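K.L.:
If you read the sequence shown in the working numbering, its first letter stands for residue 5, the second for the next number, and so on.
One structure, pasted below without further comment.
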Amino acid sequence: MNMTLNIKEVTLYKSGVGFFLADCPNAQFTLPVNEEDINDVLKSLSVNGLKSVRFSSAEEHERIIDKIGIQLDPQNALFSACQHLIGCTVEIEIGKDEKFNGIVIGVDELQDDSLDISEELIEESLSEVLVLKVDDEIRHIPFNGIKGIAIKNKIIQNDLEKFLDFVSNSRKAGVTILQVDAEENSWATWVMPISSWRLSYRILFDEEEKELNLYGIAVVDNTTSIDWKDIVLRLVTGKPVSFQYDLYNPLYFERPEIEREVKGVAPIVSEVEGIFDFEEEAAEEMEAMAPPPPRMRGPPGAPPSPTPKRAEKKKMAMEPMAKQDSSLDKVVQEIRPTIEATRQEIGTAIAYVVGHPITINRSQSALIPILNEQLSGESSVILRDDRINEAMDALVLKEPIDLEKAPATVYIDGIFAGDAMIIGGTDYITFRLNQEINAMKEISTKTTTKSIAVEGVYLNITVTHERNYTFKLVNRSKETVNMLLEIEKYSDFHPQEKPDAETSNYYRYQFSLKPGNSVKKYHFQSISHQYEQIAHLSSYQLEEYLNSDLLSKSDKTELLELISLYNSFNKKMQEQKQIQREIEKEFENQERIRENIIVVKDEAELQKDYLQKLKNSEQHLDNLKIELNKIKSEIKELKQKMTSAE
C-alpha cells in the first residue's frame, strides 16, 4: 500500500494539541502514528467516504504469546526450542556429513560417569542432551554436539516465525500504521498531542525617532511521524478542552463460569430455593470489573469557543526604522524578519496564519515570524517603592499592548540592551538594571481626630490617618532622565497628589529627574469612623469631648441634653431601686408585727399597740407603692425620649 496521504494544513494550539488536515488521492493510504498518540488519533480521525481503518492489535504480550504457542528463553535458546519440538520430526546434524532423522521425545540432563567428582559438583557437571527416536531406537544427542536442527513440521515452523516476528516488532520504535480504505480524492482530519508552539519577541527601538518595532517569532516542533511539506500553518493562542481516552488497548470482561451439570435430573418440587440467578450475579461481577472512568489529561483552559464570527484580517507589514548610513544600521535592516502572516480572531483566541508554505520534517523544529507591531514610546526609568533599590531601564509605550506572554530581546539603536518579559496589557517593557539612579524611601504616619458628631445616642468620631512618603533620589548621570515612580496601594489610603496613572496595585507618577540630588514627597490619606455609645462613655471622656473644638454648637447642645436625659434616667432608676428596697423592708416589718400580735394575744394593751403599728405600716406601704408607680411612669417617659433620640 502506497503512502499517499499528504498533509495540507496544520493548526497548533498553545495547549499542546494539533489539528491536521490531509488530502488522500488514492482510495487506500496509510497513516503512521506514534504509539503514545494512537488513542487521540482513534478518537478524532475523520475521513469522508471512510470504509475501514485497520491496524495491529494492542493485545497484551502474554495473550499473544499464548496464541502463538511458543516462548523461547533467550538465555537458553536451543534447550527451550527443543522443548517445543517434542513430538515433531526433525533432522539433526551433528557432524560434517552425519545426520539423523527422528522424532523428538524430550530433553534430559545426564552425568558423565567417567568423571570422578564430589557430590557437591554433580549438579554442575550435568550435560544437556536431546532425546531422539531414530527408527526403533532412542538416542541421546549432546547439545554441544548439535550443529543444526531442521524442523520438518510446517505448523511449528510458522509458529516459530510468528514468535520471532513478534519479538522483533516489539523492539522497534513505537509507531502504529493505520491502513485506511476510503473513496478516492478524500480528505482526512485528526487531532493529536504535539509540542506546544512557543513565542518570543524582538524589539528594535530608535532612540532618536522614538519608534519601536516589535516582532513575534514562533518556535514550532514537528514531533509527529510524518514530514510536513508545503503546509498551511496556523498557530492559535486558545486552549481547547482535550483529554485522553483509551481506545487502542483491547477491553476484556471476565465472565462467570457455570459448571457443567453432571448429576441426574431430580424430580420437580414446589418452591425450590437457591436457584442460580445468572443475570443478576453476572451484572454484579461486570460492575465490579468495570474499568474506572478515563482520567483526563490536558492543560487547563476554557471550553471551546462558539462558532467564531468572520475574522477580521490584518496584514502585518514592516517598514524600515533604522538609517542606512552605518554598517551597523545595515546589519539591523538585514536581521529584520519578513512577516507574511495574517492575524485572525477566533472567539477569544487569536490565530496566526502563515502566508507562505511551510516545510518541517519529522523530528525537526523551525523559527517562523508571525507578528510585527509598530509602536510609539520613549525610554524611561521605572522605580517601584517596594523594590526601591532596583531602578530599571524601560521602554514606556503610548498605548498598552495586548500580546501573548513571552520573552523578548531588546535592541536600542541596533545594539543589544537586555532581555525582557512581555505580558499582555502592559504599557512598559523593562530590560536592564539602571546603575546611575539611587533611591531611598522614608515613610511617616500620623493619626488625627478630625471631627465629632452626635448621631442619635452615638458619637460619630471621624479620624484621619496620614501616610507620607519621602523619596530621596540621586541621578549620577549627566543627563535628565524620564522617571516613572510606582507607589504601592496601601489599604484605604488615597493620594493627595493626583497620580498620572493608576493600576490595580500601584499609583504612577511621572517626572523628569535632573542630575544630582532630588527629593519627592507624596501624601496619602485615609478617613475612618468610630462609633461610641454615649451612655457607655465615662464622665472624663464626655468632659474631654465637650471641651474640645471638635463638636459643633448644636451637637454640644444635643449632647448636653442627652447627658441630662441619661443622668435623669439613671437617677430615677436609683430611686426606683431604693423604694423597692424600702417596700421589701416594710413587708419584713409587717411579718414581725404579726408574729408579736400572736405572742401578746392575752395582753390587750400590747396587742392594741401592735395593731396600730401594723396599720401605720400598711399606710406607709401604700405611700411607697404610689411613689414607685410615679417613678416607673417617669422612667417610661425617659425611655421614650431616649428611643426617639436614637
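Ideal Cβ placement from N, Cα and C applies to all residues, glycine included.
Bear in mind that the values here come from a model prediction, so they are computed numbers and not experimental data.
Give the straight-line distance between the Cα atoms of Asp559 and Ile531, rounded to the nearest whole angstrom.
P.N.:
Roughly 21 Å between the two C-alpha positions.
K.L.:
Express the C-alpha separation of Asn43 and Lys103 in angstroms, rounding to a whole number.
P.N.:
Their Cα atoms are separated by approximately 53 Å.
K.L.:
Short of 6 Å in beta carbon distance, which residues of its chain neighbour His469, apart from the five on each side in sequence? Order them along the chain.
P.N.:
Taken in chain order, the residues that qualify are Thr451 and Ser530.
K.L.:
Can you give me the Cβ contacts of Leu25 inside the same chain, cut-off strictly under 6 Å, excluding the 5 residues immediately before and after it?
P.N.:
Counting only Cβ-Cβ distances below 6 Å, and skipping sequence neighbours, we find Lys12, Glu13 and Thr193.
K.L.:
Can you give me the C-alpha to C-alpha distance between Lys214 and Lys18, rounded to a whole angstrom?
P.N.:
Each residue's alpha carbon lies about 33 Å from the other.
K.L.:
Note down the Cα distance separating Leu9 from Leu379, rounded to an integer number of angstroms.
P.N.:
Spanning the two alpha carbons is a distance of roughly 44 Å.
K.L.:
Measuring alpha carbon to alpha carbon, tell me which residue in Val240, Ala608, Gln368 and Gln32 is nearest Lys55.
P.N.:
When only C-alpha atoms are compared, the closest one is Gln32.
K.L.:
Given a threshold of 16 other Cβ atoms within 10 Å of its Cβ, counted over all protein chains shown, does Ile374 qualify as buried or as exposed?
P.N.:
So Ile374 ends up on the buried side.
K.L.:
Whether or not the stretch 399-410 and the stretch 424-441 are in contact is what I'm after, with contact meaning three or more pairs of Cβ atoms, one per stretch, closer than 8 Å; do they touch?
P.N.:
With a cut-off of 8 Å, the stretch 399-410 and the stretch 424-441 count as touching, because enough Cβ pairs lie within range.
K.L.:
Just verifying my parser: in three-state terms, what is the DSSP assignment at Phe282?
P.N.:
For Phe282, the predicted model reports a pLDDT of 41, less than 50, meaning its position is unreliable; a value from the coordinates is still stated below. Reduced to three states, the DSSP call for Phe282 is helix.
K.L.:
Which residue marks the beginning of the alpha helix (DSSP H) containing Arg598, and which one marks its end?
P.N.:
Residues Lys557 to Val603.
K.L.:
So Glu382 and Val400 are in contact, right, with Cβ under 8 Å, and what is the actual spacing, rounded?
P.N.:
Indeed they touch by this definition, with Cβ atoms about 6 Å apart.
K.L.:
Consult DSSP for Gln368 and reduce its assignment to one of helix, strand or coil.
P.N.:
In the structure shown, Gln368 sits in a strand (DSSP, three-state: E or B).
K.L.:
What residues in its chain sit with their C-beta under 6 Å from that of Thr93, if we drop five residues either side in the sequence?
P.N.:
Answer for Thr93: Ile107 and Lys156, listed in chain order.
K.L.:
Can you give me the start and stop residues for the beta strand (DSSP E) that Lys454 sits inside?
P.N.:
It spans Ile441 to Glu459 - the beta strand (DSSP E) in which Lys454 sits, taken as one unbroken run.
K.L.:
What three-state label does DSSP hand Leu134 in the structure shown?
P.N.:
In the structure shown, Leu134 sits in a strand (DSSP, three-state: E or B).
K.L.:
Nearest-angstrom Cα distance between Asn600 and Leu618?
P.N.:
So the alpha carbons of these two residues sit roughly 11 Å apart.
K.L.:
I believe Arg366 touches Glu490 by the beta-carbon criterion, under 8 Å. Please report the beta-carbon distance rounded to the nearest angstrom.
P.N.:
Going by Cβ atoms, the distance from Arg366 to Glu490 rounds to 49 Å, so no, they are not a contact pair.
K.L.:
If we require 3 or more residues per run, which beta strand (DSSP E) segments fall completely within the stretch 464-525?
P.N.:
Qualifying beta strand (DSSP E) stretches, in chain order: 485-492 and 510-517.
K.L.:
Within its chain, find whatever has a CB closer than 6 Å to the CB of Val458; leave out the 5 residues flanking it on each side and keep chain order.
P.N.:
Around Val458: Asp559, Glu562 and Leu563.
K.L.:
According to DSSP, what are the bridge partners of Gly351?
P.N.:
According to DSSP, Gly351 bridges with nothing at all.
K.L.:
How many Å lie between Gln514 and Asp504 at the Cα?
P.N.:
The alpha-carbon atoms of Gln514 and Asp504 are separated by roughly 6 Å.
K.L.:
Looking only at its chain, what residues have a beta carbon closer than 8 Å to the beta carbon of Lys634, apart from the 5 residues adjacent to it on each side?
P.N.:
Within the same chain, Lys634 has no close Cβ partners at all.
K.L.:
Just to confirm my understanding: we take Gln534, look at its own chain, exclude 5 residues before and 5 after, and list those with CB closer than 7 Å. What are they?
P.N.:
Only Ile465 and Val467 meet the Cβ criterion.
K.L.:
So for Lys327, helix, strand or coil by DSSP?
P.N.:
Legend: pLDDT at Lys327 = 39, less than 50; position of this residue unreliable, no value from coordinates given.
K.L.:
Using a Cβ-Cβ cut-off of 6 Å (strictly less than) and excluding sequence neighbours within five positions of Glu97, which residues of its own chain qualify?
P.N.:
Closer than 6 Å at the Cβ level, and outside the excluded window around Glu97, lie Lys103, Lys151 and Gly152.
K.L.:
Could you pull out every residue in the same chain whose Cβ sits closer than 6 Å to the Cβ of Phe282, ignoring the five residues on either side in sequence?
P.N.:
Its pLDDT being 41, under 50, Phe282 is placed unreliably by the model, and the measurement read from it follows with that caveat. If we look at Phe282 and ignore the five residues flanking it on each side, it has no Cβ neighbours.
K.L.:
Could you tell me whether the Cβ atoms of Leu632 and Gln580 are closer together than 8 Å?
P.N.:
Yes; because the gap between Cβ atoms is below 8 Å, this pair is in contact.
K.L.:
Whether or not the stretch 390-399 and the stretch 253-261 are in contact is what I'm after, with contact meaning three or more pairs of Cβ atoms, one per stretch, closer than 8 Å; do they touch?
P.N.:
Cβ pair count under 8 Å is below three, so no.
K.L.:
Determine the closest residue to Gly242 out of Arg202, Asp496, Asp27 and Asn162, with distance taken between C-alpha atoms.
P.N.:
Of the candidates Arg202, Asp496, Asp27 and Asn162, the one whose C-alpha sits nearest the C-alpha of Gly242 is Arg202.
K.L.:
DSSP puts Trp194 in a beta bridge; with which residues?
P.N.:
DSSP output for Trp194 lists Phe24 as bridge partner(s).
K.L.:
With 16 other CB atoms within 10 Å as the buried threshold, where does Gly418 fall?
P.N.:
Counting Cβ neighbours within 10 Å, Gly418 comes out buried, since at least 16 surround it.
K.L.:
Is DSSP giving Tyr252 helix, strand or coil here?
P.N.:
Coil.
K.L.:
State buried or exposed for Asp626, treating a residue as buried only when at least 16 other CB atoms are found within 10 Å of its CB.
P.N.:
Burial call: exposed.
K.L.:
I need the DSSP call for Lys103, collapsed to helix, strand or coil.
P.N.:
Lys103: strand per DSSP, three-state reduction.
K.L.:
By Cβ distance, which residues of its chain are closer than 8 Å to Pro411, with the 5 residues on each side in sequence left out?
P.N.:
Only Ser204, Tyr205, Asp423, Ala424, Met425 and Ile426 meet the Cβ criterion.
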